[in-house]
């Protein structure tokens with residue numbers, strides 16, 4: 008029995024020694040179950056999420072103007088689009104068009120009326136800005152379908168403030184954009200202005216020119232009848 012007990016004790020001691028040796032060895036080996044001191048970690052910059060697309064300031068300014076419905080709001084919208092146009096290199100027509108719409112809305116919101124009288128008066132700032140926006144659009148795209156209409160709008164703003172340049176612009180519209188739908192209005196306004204100023208020789212020449220233009224006068228029965236009556240009256244006065 009003692010021999011058996013001694014043998015068992017020897018086996019246990021030997022096993023214990025091997026276990027301690029294995030633990031000591033494993034502490035220095037990679038992949039062991041025993042924890043080792045971690046190496047200092049390298050500093051890394053955090054990866055930022057991608058930023059959302061930049062919201063165009065023009066869209067913000069336009070929506071703000073629509074909400075406020077004030078002349079100042081539309082001024083700000085026009086200025087935002089003007090900044091965009093300044094940096095535009097290609098396909099800038101829609102930006103120029105937005106400026107026209109914003110300037111027109113600002114002028115409408117201000118609701119100014121020209122002072123009474125017959126003498127020319129300076130254009131208010133918003134009226135001048137409207138004319139400038141219209142001229143800018145026409146200069147940028149003279150062949151655009153809206154170019155004739157925009158020429159008429161600019162001339163009409165000037166006419167309301169009795170600016171001499173209004174008649175020059177209406178004459179140019181009738182020469183360059185005679186088939187535009189606004190040309191009929193331009194003819195009426197121009198003839199009326201010439202009559203008011205007593206420039207009857209110019210009235211006669213313009214009436215004869217328009218009546219002789221079959222393509223222009225076609226379908227404009229009311230205008231044709233008016234021009235024929237004016238020509239008859241002028242002939243009777245001779």
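Residue numbers (the working numbering): 8 to 245.
Positions of the beta carbon are idealized from the N, C-alpha and C atoms, including for glycine.
Classification of residue i by the beta-carbon crowding that lies within 10 angstroms, buried from 16 upward
i, result
"residue 80", "buried"
"residue 51", "Any answer about residue 51 is weak, because its pLDDT of 49 lies below 50 and its placement is not dependable; what the coordinates show is given next. With fewer than 16 other Cβ atoms within 10 Å, it is exposed."
"residue 145", "buried"
"residue 112", "buried"
"residue 48", "Because the pLDDT at residue 48 is just 48, under 50, the model does not fix this residue reliably, and the value given afterwards should be weighed accordingly. Answer is exposed; the Cβ neighbour count stays below 16."
"residue 82", "buried"
"residue 124", "exposed"
"residue 179", "exposed"
"residue 73", "exposed"
"residue 155", "buried"
"residue 31", "Here residue 31 scores only 43 on pLDDT, less than 50, and its place in the model should not be relied on; the value that follows carries that caveat. With fewer than 16 Cβ atoms within 10 Å of its Cβ, residue 31 is classed as exposed."
Euclidean distance between Cα positions of residue i and residue j
i, j, result
"residue 109", "residue 122", "24 Å"
"residue 157", "residue 165", "13 Å"
"residue 75", "residue 133", "18 Å"
"residue 201", "residue 101", "36 Å"
"residue 237", "residue 130", "32 Å"
"residue 106", "residue 184", "23 Å"
"residue 239", "residue 149", "37 Å"
"residue 153", "residue 189", "10 Å"
"residue 173", "residue 167", "9 Å"
"residue 209", "residue 187", "22 Å"
"residue 87", "residue 114", "17 Å"
"residue 151", "residue 182", "16 Å"
"residue 171", "residue 225", "30 Å"
"residue 221", "residue 196", "20 Å"
"residue 118", "residue 163", "16 Å"
"residue 243", "residue 215", "15 Å"
"residue 213", "residue 228", "17 Å"
Residue i, enclosing alpha helix (DSSP H) - first and last residue
i, result
"residue 1", "Outside the modelled stretch of the chain, which goes from 8 to 245, sits residue 1, for which no answer is possible."
"residue 207", "207-219"
"residue 192", "190-203"
"residue 102", "100-117"
"residue 4", "A query on residue 4 cannot be resolved here, the shown segment of the chain reaching from 8 to 245 and no further."
"residue 80", "78-93"
"residue 236", "228-244"
"residue 137", "132-147"
C-beta contact flag for residue i and residue j at 7 Å
i, j, result
"residue 143", "residue 103", "yes"
"residue 218", "residue 241", "no"
"residue 120", "residue 138", "no"
"residue 116", "residue 65", "no"
"residue 68", "residue 84", "yes"
"residue 127", "residue 176", "no"
"residue 159", "residue 193", "yes"
"residue 191", "residue 230", "yes"
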